[in-house]
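Scroll down for the structure; my scribbles are underneath it.
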């Protein structure tokens, strides 16, 4: 599992409330990613990080922010959750070497009522 | 723009039948292509990469640059192959991002 854990694994919240999802890795990988998974859309990149305090937007970044204050943690924040953000969120890290392979966490299922 | 298209949402076959999951891509450079699989209640995991030209669990995929395709094939499907399959592309971009297709659910019936 490349030492990736996500928390919480399940969350139900109400529209307008803030939500933070945490991705934690134990193997000092430089690159980390947040994707959302939705039926008919596959996985879409929200934000990614290429080092501490270095982040960039993906294709569906509106309504999301991220922070990476230390190598092992990559936080995804929904400042004011909306029903359209109901989804399964996956964190991933890029493996070492030049394989291009990503290793995924187990996912966090978020329901916004 | 980089894009990956998987035209089939659901593919249903009987055990022992051949399987082909389609993937087409759009990219102007030399892409790296991958197939990822997600079994029920498990995390996504890499199935195979075009660079390694390997066969994993009986699956193969050949990159066809002329047709911009990377179809996944298996000659004889097994029930345990039932899962979601995602085709993904990595270009020469910063950050090693993967662009995923919409996914194809493979259902292998006994």
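Protein chains in written order, with the working numbering: chain P, 37 to 149; chain W, 423 to 532.
Every residue gets a Cβ at the ideal spot worked out from N, C-alpha and C, and that includes glycine.
Since the structure is predicted, the reported quantities are computational estimates derived from the model, not experimental observations.
Residues in the region 83-103 of chain P with C-beta within 9 angstroms of chain W's C-beta atoms, listed in sequence order? 84, 85, 86, 92, 94 and 95
Which runs of the beta strand (DSSP E) spanning at least 3 residues fall entirely within the region 438-490 of chain W, listed in chain order? 441-443, 446-448, 454-460 and 467-471
Going by CA-CA distance only, name the one from P:120, P:121, P:119 and P:88 that's closest to residue 106 of chain P. The residue given as residue 106 of chain P occupies position 70 in the first chain. When each option's Cα is compared against that of residue 106 of chain P, the closest is P:88.
Does the separation of the CB atoms of residue 40 of chain P and residue 61 of chain P fall below 8 angstroms? On the first chain, position 4 is the one that residue 40 of chain P refers to. On the first chain, position 25 is the one that residue 61 of chain P refers to. Cβ distance < 8 angstroms, so residue 40 of chain P and residue 61 of chain P count as in contact.
Within 10 angstroms of the Cβ of residue 498 of chain W, are there 16 or more other Cβ atoms? Answer buried if so, exposed if not. In the second chain, residue 498 of chain W corresponds to position 76, counting from 1. In this structure residue 498 of chain W is exposed. Its beta-carbon is surrounded by fewer than 16 other beta-carbon atoms within 10 angstroms.
What residues in the region 426-457 of chain W bring their beta carbon closer than 9 angstroms to a beta carbon of chain P? 426, 428, 431, 454 and 456
State yes or no: is the beta carbon of residue 513 of chain W nearer than 8 angstroms to at least one beta carbon in chain P? As a working mapping, residue 513 of chain W is identified with position 91 in the second chain. By this cut-off, residue 513 of chain W is not an interface position.
The beta strand (DSSP E) spanning residue 130 of chain P covers which residue range? As a working mapping, residue 130 of chain P is identified with position 94 in the first chain. First-last of the beta strand (DSSP E) with residue 130 of chain P: 123-130.
Hey, out of P:126, P:114 and P:69, whose CA is closest to residue 148 of chain P's CA? Working through the first chain from its first residue, we reach residue 148 of chain P at position 112. Of the residues P:126, P:114 and P:69, the one whose Cα lies closest to the Cα of residue 148 of chain P is P:114.
Thinking C-beta only, is residue 465 of chain W closer than 8 angstroms to residue 142 of chain P? Working through the first chain from its first residue, we reach residue 142 of chain P at position 106. Working through the second chain from its first residue, we reach residue 465 of chain W at position 43. Yes.
Please name the residue, chosen from W:503, W:450, W:475 and W:453, that lies closest to residue 439 of chain W on a Cα-to-Cα basis. Here the question's residue 439 of chain W lines up with position 17 in the second chain. Closest by alpha carbon: W:503.
Count the other CB atoms, across all protein chains shown, that sit within 10 Å of the CB of residue 44 of chain P; report buried if there are 16 or more and exposed otherwise. In the first chain, the residue the question calls residue 44 of chain P occupies position 8. Exposed, because fewer than 16 other Cβ atoms sit within 10 Å of the Cβ of residue 44 of chain P.
Taking 8 angstroms as the CB-CB cut-off, is residue 522 of chain W touching chain P? For the purposes of this step, residue 522 of chain W is taken as residue 100 along the second chain, with counting starting at 1. Closer than 8 angstroms: yes.
Best match in P:120, P:117, P:102 and P:116 for proximity to residue 127 of chain P [C-alpha to C-alpha]: Along the first chain, read from residue 1 onward, the residue named residue 127 of chain P stands at position 91. Closest by alpha carbon: P:102.
Helix, strand or coil: how does DSSP classify residue 74 of chain P here? Position 38 of the first chain, counted from the first residue, corresponds to residue 74 of chain P. Strand, per DSSP.
Do you know how far the Cα of residue 121 of chain P is from the Cα of residue 73 of chain P? Stepping through the first chain from its first residue, residue 73 of chain P is reached at position 37. Stepping through the first chain from its first residue, residue 121 of chain P is reached at position 85. Their backbone Cα atoms lie some 10 angstroms apart in a straight line.
Beta-ladder partner(s) of residue 87 of chain P, from DSSP: In the first chain, counting from the first residue as 1, residue 87 of chain P sits at position 51. Bridge partners of residue 87 of chain P: P:90.
Using 8 angstroms as the limit for Cβ to Cβ distance, is residue 487 of chain W near chain P? On the second chain, position 65 is the one that residue 487 of chain W refers to. Judged by the 8 angstroms Cβ criterion, residue 487 of chain W is not in contact with chain P.
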